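With positions in the sequence shown counted from 1, the corresponding number in the numbering used here is that position plus 189.
Heads up, the beta-carbon is just placed ideally off N, CA and C, and yes, glycines get one too.
These numbers were taken from a predicted model, which means no experiment stands behind them.
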Amino acid sequence: MSLLPSKISWKVFTLWLACLGAGLAFVLAVVQWVGFVSAQDLSKIGADRLSLYHGTLHSALEKHRYLPFVLSRDEDIRELLSVADGREGLVLSVNRSLNATNQKAESDVLYVLNSEGTTLAASNWLEERSFVGHNYAFRPYYKDAIDGREVGFFAVGATTGVPGFFMSHAVVNEAGVSGVIVAKVDLRPLQQQWHDGGEHVIVTDKNGVIFLSSRDEWRYRAVSPISKASMVNIRTNRQFAGAELEPLKLKKLNIFGREVFEIDGERFLVLTRDAGKPGWAMHFLTPFKFIREKQQTALLIGTVLLVLFLMGGLFIRERRQKLRSAQRAREADRFQAINEMLQVEIDERKRTEGQLLKTQADLVQTGKLAALGQMSAAIAHEINQPMAAIRTFTASARLLLGKGKRDQVGQSLEEISSLTERMGKITGELKTFARKAPVEYQVVDLREALKRAIALMQTVCEQEGVTVQLRDLGDLVPVSGDIIRLEQVFVNLLRNAADAMQECDENTILVTLRRINDLVIVIVEDNGTGIEPEIMDQLFDPFFTTKDVGKGVGLGLSISYGIVKDFGGNIRAENLEAGGARFVVEFPCAAAE
Ligand code: ADP
């Protein structure tokens with residue numbers, strides 16, 4: 190069973206499928222392009238945001254950079270670091286001074302370490318978690334300061350647990366380094382600011398540990414596994430207190446030619462830059478869902494447009510089909526009307542044909558009646574005359590017999606006998622029409638029939654001074670027929686020719702025999718009176734004659750016509766230009782036996 194409606198051909202279905210495929214491919218390409226362009230746009234925006242966040246971090250760190258250096262020149266502090274005992278009053282004074290400076294500079298804590306790393310004075314000397322008395326020799330900022338480096342160090346407070354950035358500077362006197370001044374800056378307000386902005390910013394150190402993050406759950410997590418040596422180091426200087434530093438579930442990807450982080454299944458477009466301190470990197474993360482949302486919107490619009498396009502196509506196709514069917518219906522109606530018209534015409538023609546046939550039959554009937562009338566008139570004429578003569582001769586014979594004139598009676602009787610003979614001849618010829626003898630076909634030599642006819646006419650011609658000239662082929666001319674009847678045809682033609690030349694001085698009948706392909710032609714020409722054009726059509730009609738009464742009955746040509754037709758031939762008459770008539774008789778040639 191076909192899954193397609195029978196109206197839709199496979200070709201059309203494939204075309205639609207191809208259109209759908211091409212449309213889908215186009216939509217997907219557009220979606221991809223939207224993703225690419227969105228990633229590009231978001232990267233540009235991200236770069237700007239990253240610059241901004243970098244600026245805030247930089248200013249937060251640089252703001253207090255001068256403090257350790259300035260405090261290292263403070264006379265009280267220097268004295269405190271140089272005297273070993275009896276300095277309670279001095280400690281108090283320095284503590285107060287540090288506290289006042291701390292408040293003014295808005296730093297977190299300011300404190301003074303002796304050359305062993307123990308805190309002698311601190312701005313938080315009055316607080317519960319005061320640094321005073323604590324040793325910080327394990328912190329890198331202490332060692333860096335002793336070695337004359339000003340690097341800075343981020344760490345979670347060992348005493349307070351508060352994270353911050355530590356900056357240090359060594360106090361040097363004639364004997365060497367007498368102590369170290371440390372300023373701690375609390376970066377949590379900055380972090381809070383980032384968090385409140387609702388954006389994703391992280392800062393990693395050289396070990397890949399996130400120490401500043403706008404998202405709490407990422408803080409103190411590593412973006413890459415930390416080596417053992419680095420871990421030992423971190424534990425030694427207690428940088429992140431007791432934090433586990435678990436690596437994040439992070440996958441680094443490359444989409445649309447951009448760096449993408451997949452953190453706990455969530456994707457972010459990442460922009461990274463150097464954060465200003467050795468090993469530090471700042472990352473700005475844009476949720477990838479923004480790109481996905483734009484792509485989804487493009488997909489939705491594209492799909493809707495594609496569906497609309499396909500529906501439009503279907504609508505147009507449907508409409509076109511409707512128009513086509515309407516046109517077909519119109520054409521069918523037109524054909525129907527034409528058919529009906531044709532039927533009417535056919536009926537009309539049939540009726541006309543019927544009428545014609547009837548008229549023809551009527552005409553034939555009329556023709557038959559006319560011919561019968563003509564024949565009756567001719568027979569009556571031919572028979573009446575001898576009968577009237579017989580009556581006269583009989584009456585005169587009776588009178589002569591009464592007078593005893595016997596020899597004259599014999600003469601009358603002879604006349605009567607010749608008249609009855611003539612009547613017998615007429616009735617004899619009529620028999621030819623009455624009972625048609627069965628046609629016997631034999632292959633006969635036409636030359637022979639012709640020669641016999643000329644021989645028969647020889648005596649008559651000699652009496653009438655007519656010469657018969659035969660242009661023979663000199664060869665056998667086989668035709669299918671009956672020699673006696675053929676002879677009859679030629680005798681008739683010679684007789685008529687001789688009759689037509691009675692008034693002429695020079696009387697020659699020219700008989701020509703010809704053979705053209707499978708046709709045998711006999712031409713009988715005379716130089717007689719010729720045939721009147723108006724009687725040309727009647728020549729072969731029975732009883733048509735122009736001869737005087739007693740000389741012709743008008744049956745010769747009619748009988749000849751019948752014989753020639755019986756043998757599959759043809760006969761026609763025409764006038765010669767020089768005067769006289771020509772009769773042409775054609776027969777199909779038979780195979781010689
Ligand atoms: P008939 O000889 O008894 O008249 P036919 O049928 O033989 O009857 O001829 C019909 C008529 O055709 C003739 O009366 C004559 O007028 C015309 N006809 C026939 N042959 C010739 C001829 N060779 N020349 C002129 N007229 C002819």
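{"Item": "Any non-hydrogen atom of ligand 1 within 8 Å of residue 548 CB", "Value": "no"}
{"Item": "From 589, 416, 659 and 438, residue whose alpha carbon lies closest to that of residue 406", "Value": "438"}
{"Item": "Cβ contact check for the segment 318-337 and the segment 225-234: 3 or more pairs under 8 Å", "Value": "no"}
{"Item": "Rounded separation between residue 486 and residue 216 - CA only", "Value": "11 Å"}
{"Item": "Residue from 225, 432 and 200 with nearest C-alpha to residue 409", "Value": "432"}
{"Item": "DSSP state of residue 426 mapped onto helix, strand, coil", "Value": "coil"}
{"Item": "At least 3 beta-carbon pairs within less than 8 Å: the segment 244-257 vs the segment 515-535", "Value": "no"}
{"Item": "Beta-carbon proximity list for residue 204, same chain, < 7 Å, skipping 5 on both sides", "Value": "none"}
{"Item": "Spatial distance of residue 601 from residue 580 (CA atoms)", "Value": "11 Å"}
{"Item": "Distance between residue 499 and residue 510 (C-alpha atoms, nearest Å)", "Value": "16 Å"}
{"Item": "Top-ranked residue by Cα proximity to residue 451, from 428, 475 and 470", "Value": "475"}
{"Item": "Minimum length 4: unbroken alpha helix (DSSP H) runs contained in the segment 711-769", "Value": "745-755"}
{"Item": "Which of helix, strand or coil DSSP assigns to residue 325", "Value": "coil"}
{"Item": "C-alpha gap between residue 259 and residue 252, whole angstroms", "Value": "13 Å"}
{"Item": "Closer than 8 Å: residue 585 CB and nearest ligand 1 heavy atom", "Value": "no"}
{"Item": "C-alpha gap between residue 687 and residue 766, whole angstroms", "Value": "19 Å"}
{"Item": "Cut-off 7 Å between Cβ atoms - residues of its own chain near residue 183, not counting five sequence neighbours on either side", "Value": "Here the chain comprises residues numbered 190 to 782, so residue 183 is not present and cannot be evaluated."}
{"Item": "Distance cut-off 8 Å: residue 765 Cβ against heavy atoms of ligand 1", "Value": "no"}
{"Item": "Beta-bridge pairing of residue 785 - partner residues as DSSP gives them", "Value": "Here the chain covers residues 190 to 782 and nothing more, so residue 785 does not appear."}
{"Item": "Residue interval of the alpha helix (DSSP H) (run including residue 290)", "Value": "277-294"}
{"Item": "Chain B contact for residue 586 (CB, 9 Å cutoff)", "Value": "The chain labelled as chain B is not found in the depicted structure, where only one protein chain is given."}
{"Item": "Beta-carbon proximity check, residue 750 vs residue 729, cutoff 9 Å", "Value": "yes"}
{"Item": "Beta-carbon spacing of residue 795, residue 583 below 9 Å", "Value": "This structure leaves residue 795 out entirely; the chain is present only between 190 and 782."}
{"Item": "Same chain only: Cβ atoms within 7 Å of residue 612, ignoring 5 sequence neighbours per side", "Value": "572 and 575"}
{"Item": "Bridge-paired residues (DSSP) for residue 472", "Value": "391 and 461"}
{"Item": "Among 335, 706, 255 and 769, nearest to residue 696 - alpha-carbon criterion", "Value": "769"}
{"Item": "Near ligand 1: residue 724 beta-carbon under 8 Å from a heavy atom", "Value": "yes"}
{"Item": "Terminal residues of the alpha helix (DSSP H) in which residue 234 lies", "Value": "199-251"}
{"Item": "Inter-residue Cα distance where the pair is residue 366 and residue 283", "Value": "19 Å"}
{"Item": "Contacts around residue 456, its chain only, beta-carbon distance under 6 Å, and the 5 residues preceding and following it disregarded", "Value": "449 and 477"}
{"Item": "Which of helix, strand or coil DSSP assigns to residue 353", "Value": "strand"}
{"Item": "Limits of the unbroken beta strand (DSSP E) element including residue 264", "Value": "Unbroken run through residue 264 is the alpha helix (DSSP H), 264-271; no beta strand (DSSP E)."}
{"Item": "Whole-number beta carbon distance between residue 634 and residue 666, since they are thought to touch under 8 Å", "Value": "6 Å"}
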